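**Student:** Okay, here's the structure, questions in a sec.
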Amino acid sequence: MTDSATQQGAAPVVIAPAVIALDRIVQEYPRPEGGVNRVVDDLSLRFTGPSINMLLGPSGCGKSTLLYMMGGVRPQNTNMPTSGTISIDGEPCHDAHDDAVMVFQRYANRPDLTVYDNVAFPFRLKLWRDRVPAAQRHGLVMHMLEAVGLSDKAKLRPSQLSGGQNQRIALARALMLKPRILLMDEPFGALDAQTREDMQKLLVKLYREHPCLIVFVTHDVTEALLLGDRVVVLSTQPARIADDFEIATPKPRDTGWLRMPEAVALEQRILSRLHQASGKGNVRVTV
Ligand SMILES: Nc1ncnc2c1ncn2[C@@H]1O[C@H](COP(=O)(O)OP(=O)(O)OP(=O)(O)O)[C@@H](O)[C@H]1O
Numbered sequence: 001m002t003d004s005a006t007q008q009g010a011a012p013v014v015i016a017p018a019v020i021a022l023d024r025i026v027q028e029y030p031r032p033e034g035g036v037n038r039v040v041d042d043l044s045l046r047f048t049g050p051s052i053n054m055l056l057g058p059s060g061c062g063k064s065t066l067l068y069m070m071g072g073v074r075p076q077n078t079n080m081p082t083s084g085t086i087s088i089d090g091e092p093c094h095d096a097h098d099d100a101v102m103v104f105q106r107y108a109n110r111p112d113l114t115v116y117d118n119v120a121f122p123f124r125l126k127l128w129r130d131r132v133p134a135a136q137r138h139g140l141v142m143h144m145l146e147a148v149g150l151s152d153k154a155k156l157r158p159s160q161l162s163g164g165q166n167q168r169i170a171l172a173r174a175l176m177l178k179p180r181i182l183l184m185d186e187p188f189g190a191l192d193a194q195t196r197e198d199m200q201k202l203l204v205k206l207y208r209e210h211p212c213l214i215v216f217v218t219h220d221v222t223e224a225l226l227l228g229d230r231v232v233v234l235s236t237q238p239a240r241i242a243d244d245f246e247i248a249t250p251k252p253r254d255t256g257w258l259r260m261p262e263a264v265a266l267e268q269r270i271l272s273r274l275h276q277a278s279g280k281g282n283v284r285v286t287v
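Counting in the numbering used here, the final residue of the sequence shown is number 287, and the numbers go up one at a time with none missing.
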């Protein structure tokens, strides 16, 4: 990714690799009828960037809970985590971290703002105004709109765009900030198969321009295979680590690669681990 500074020949932004460590995490939510529901149990996990790390597991196993915890997004009146520690770059982290940006399944675009203003939204916040000089902001927004193929839609409202285009706005907004950490909660889960594939390709392209630490929640094995440098398989609730796979094959990976023996073998190992770990196995394969 280039911004107006790099376009003018200045040195590109050097991003220090981020490290997220989850140490002995337990998460319990109160049950309406009383008592608690333990959704994560004594889970330790470490992510080092730049890399794309897929968190894969059966529905309801606690993937989003873990992601929100890393992003410092907490439900009201809930201690998160119940016990254990989260640290970023070796420092305990109790709140939203300045270097972590989240992308949700429901893109979180403001309906009352244009596409341009939705992408530029972070500059309404002091944190990002302080980080990005005013003279660079317009160039950054336009560059990102171009990168996600929405430069001709800048003046429209989100309601005038498709679901895939709305998710492109969210991706542009997040990546414009050049985050060191990008936390993605099933960002393409609501899209049709073709749009999802387009968005996966777009994410790989943008990641190559701006490598960072991505933790990506999915319950789609194909998506995990196409995007992941690493696939962490979680068990059914309470979430524990059922397995942890590395995928060294360079990206972009296409559906042709998914049919190669190494990919088919890996898919089988992941699926079998998921089924063992979940019992019922509510997982999706989209080849
Ligand atoms: N704020 C909350 N209060 C009470 N229970 C919650 C809360 N948030 C999540 N849960 C429960 O915690 C469990 C894990 O939810 P979570 O959304 O983390 O799972 P998930 O693996 O991301 O699911 P999915 O794949 O279906 O999105 C579920 O049983 C859910 O009902």
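Note that beta-carbon positions come from the ideal geometry of N, C-alpha and C, so glycine has one too. Being a predicted model, the structure only gives us computed values, none of them experimental.
Per DSSP, V103 forms a beta bridge with which residues?
**Tutor:** Your numbering for residue 103 matches position 103 in the sequence shown. Its beta-bridge partners are M184.
**Student:** Go to L22, then tell me how far its beta strand (DSSP E) extends in each direction, as first and last residue.
**Tutor:** Taking the first residue of the sequence shown as 1, we reach residue 22 at position 22. Start and end: V19 to P30.
**Student:** Closest to V39 by C-alpha separation, out of P17, N53, S51 and G57, would be which residue?
**Tutor:** Within the sequence shown, numbered from 1, the residue matching residue 39 stands at position 39. Answer by Cα proximity: G57.
**Student:** Answer yes if the region 243-255 comes into contact with the region 86-101, meaning at least three C-beta pairs across the two stretches below 8 Å, and no otherwise.
**Tutor:** No, the region 86-101 is not in contact with the region 243-255.
**Student:** Taking the beta strand (DSSP E) that L56 falls in, what are its first and last residues?
**Tutor:** Walking along the sequence shown from the start, residue 56 turns up at place 56. From DSSP, the beta strand (DSSP E) with L56 extends over S51 to L56.
**Student:** Would you please state the rounded distance, in angstroms, between the beta carbons of E267 and L225? I believe it to be under 8 Å.
**Tutor:** The sequence position of residue 267 within the sequence shown is 267, counting from 1. The sequence position of residue 225 within the sequence shown is 225, counting from 1. The pair is a contact, with the Cβ atoms about 6 Å apart (cut-off 8 Å).
**Student:** Compute the Euclidean distance between the alpha carbons of A100 and L213, then round it to the nearest angstrom.
**Tutor:** One-based indexing of the sequence shown puts residue 100 at position 100. One-based indexing of the sequence shown puts residue 213 at position 213. Rounded to whole angstroms, A100 to L213 spans 9 Å at the Cα level.
**Student:** Give the range of the beta strand (DSSP E) segment to which E246 is assigned.
**Tutor:** Walking along the sequence shown from the start, residue 246 turns up at place 246. Start and end: I241 to E246.
**Student:** Check for me: the beta strand (DSSP E) holding N166 runs from which residue to which?
**Tutor:** The residue labelled residue 166 in the question sits at position 166 within the sequence shown. Counting along the chain, N166 falls outside any beta strand (DSSP E), though it belongs to the alpha helix (DSSP H) covering G163 to M176.
**Student:** Regarding N79 and ligand 1, is the C-beta to nearest heavy atom distance less than 7 Å?
**Tutor:** As a first step, residue 79 is located in the sequence shown; it is residue number 79 there, counting from the start. No, the beta carbon of N79 sits no closer than 7 Å to any heavy atom of ligand 1.
**Student:** Compare the C-beta of Y107 with all C-beta atoms of chain E and state if any pair is closer than 8 Å.
**Tutor:** Among the chains of the structure shown, chain E does not appear; only one protein chain is present.
**Student:** According to DSSP, is S59 helix, strand or coil?
**Tutor:** As a first step, residue 59 must be located in the sequence shown, where it is residue number 59. Looking at S59 - three-state DSSP - the assignment turns out to be coil, as it is neither helix nor strand.
**Student:** So L145 and V119 are supposed to be a Cβ contact under 8 Å. How far apart are they, rounded?
**Tutor:** Looking up residue 145 in the sequence shown gives position 145. Looking up residue 119 in the sequence shown gives position 119. About 6 Å; that satisfies the 8 Å criterion.
**Student:** Comparing the CB of Y116 with every heavy atom of ligand 1, is any distance shorter than 7 Å?
**Tutor:** Along the sequence shown, one-based indexing puts residue 116 at 116. Not so, every heavy atom of ligand 1 lies at least 7 Å from the Cβ.
**Student:** Between L234 and L55, which are expected to be in contact by the criterion C-beta below 8 Å, what is the C-beta distance as a whole number of angstroms?
**Tutor:** Residue numbering aside, residue 234 sits at position 234 when the sequence shown is read from its first letter. Residue numbering aside, residue 55 sits at position 55 when the sequence shown is read from its first letter. 7 Å between Cβ atoms; contact.
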